[in-house]
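A.B. asks: Below: one structure in structure tokens.
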Amino acid sequence: MSQISPLLDAAILAQVEQAKRDTAKVFRVLKDSRTLTATNTFQAHLRVPGTDLVIALATPSPWDDDQSIRAVVASYDGVVHLDEYLAPGVALGESRQGGAGKRYAAVLQQRPEVNVVIHVHTPYLGGWAGAHRALPLDYAAAQRVTLARELPVYIDRRQPESAFIVQVIEANPHTPAILEANGGATFWGEGILKSAKWILLFEEGAYFQTLAEAVGGGKPFGPGVLEQQWRMSGLWEQGRALIAEV
1 MSQISPLLDA AILAQVEQAK RDTAKVFRVL KDSRTLTATN TFQAHLRVPG
51 TDLVIALATP SPWDDDQSIR AVVASYDGVV HLDEYLAPGV ALGESRQGGA
101 GKRYAAVLQQ RPEVNVVIHV HTPYLGGWAG AHRALPLDYA AAQRVTLARE
151 LPVYIDRRQP ESAFIVQVIE ANPHTPAILE ANGGATFWGE GILKSAKWIL
201 LFEEGAYFQT LAEAVGGGKP FGPGVLEQQW RMSGLWEQGR ALIAEV
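Read the sequence shown against UniProt numbering and you will find it ends at 246, with the numbers running on by one and no gaps.
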């Protein structure tokens, strides 16, 4: 393992280990369910509470001989405090992982309710992203967990993705993810495991809605569906107010 900055205390190192265990579980579930594409693209950027540090984790490439989860800890301005990709004995100053701290720093700085940002490539969310089409949440099981009604698309990359995410949250704080045009999707939320469960659920929704395109096109919910679904998840009181505003 590479050198570890003395700024990382036992509590932070314990959070790193827990994050690695959570990511390993996510990797197994998403890979076994064929939710991840063949490249295994899954990158999580986790807040370290009370600091300007990010724990960045990524699932290994299918070409990697070492299939374990490794972590990087870097600050919002790109200073690396831990890099498990470095060979033993290599100084932290040799790390090139500073971008892991910077990538979603604006989201973590400006949106305190966001604890993790995850970028992932999945087949059907990727298909909608490639079509530059916002994904309407017309799959009941996916709509059940959120008051957002669609996943918007990030198209203009002259605007940093993190700035677009902040803009999306400001417009609708219930939105849990965006589609990355011609790429994958980016989710955010409370923690790695919860956000990963939503990845699985929303990918399933994108799959069903893609199938519906071939048999006449997807349709919006019928009467009573939103109430039914939001009552199941305890969101109905909030949801009813949103419906009344439309």
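For each residue, glycine too, the CB sits at the ideal point set by N, CA and C.
(1) With DSSP as the reference, identify every bridge partner of T186, one or two as the case may be.
(2) I'd like the span of the alpha helix (DSSP H) that includes R96, first residue to last.
(3) Would you mind stating whether L201 and A142 have Cβ atoms separated by less than 7 Å?
(4) Since K47 is in the beta strand (DSSP E), which residue starts that stretch and which ends it?
(5) Buried or exposed: where does P176 fall if 16 or more other Cβ atoms within 10 Å of its Cβ makes it buried?
(6) Spatial neighbours of P152 within its chain, please: C-beta separation below 8 Å, excluding the five flanking residues on both sides.
(7) Measuring CB atoms only, is the stretch 114-128 touching the stretch 76-90, in the sense that at least three cross pairs come out at less than 8 Å?
(8) So does the stretch 94-103 actually touch the stretch 6-22, counting three or more Cβ pairs closer than 8 Å?
(9) Touching or not, the stretch 219-229 and the stretch 47-56, by the rule of three or more beta carbon pairs under 8 Å?
(10) For V168, which of helix, strand or coil comes out of DSSP?
(11) Would you list the residues sitting across from L53 in a DSSP beta bridge?
(12) According to DSSP, is Y154 part of a helix, a strand, or is it coil?
C.D. replies: The short version:
(1) H119, I178
(2) Segment: none, R96 is in no alpha helix (DSSP H) and carries neither H nor E.
(3) yes
(4) According to the sequence shown, residue 47 is Arg rather than Lys. That run of the beta strand (DSSP E) goes 42-47.
(5) buried
(6) A134, V168, T175, I178, L179
(7) no
(8) no
(9) A contact between stretches requires three or more CB pairs, one per stretch, nearer than 8 Å, and the stretch 219-229 fails this requirement with the stretch 47-56.
(10) helix
(11) S75
(12) strand
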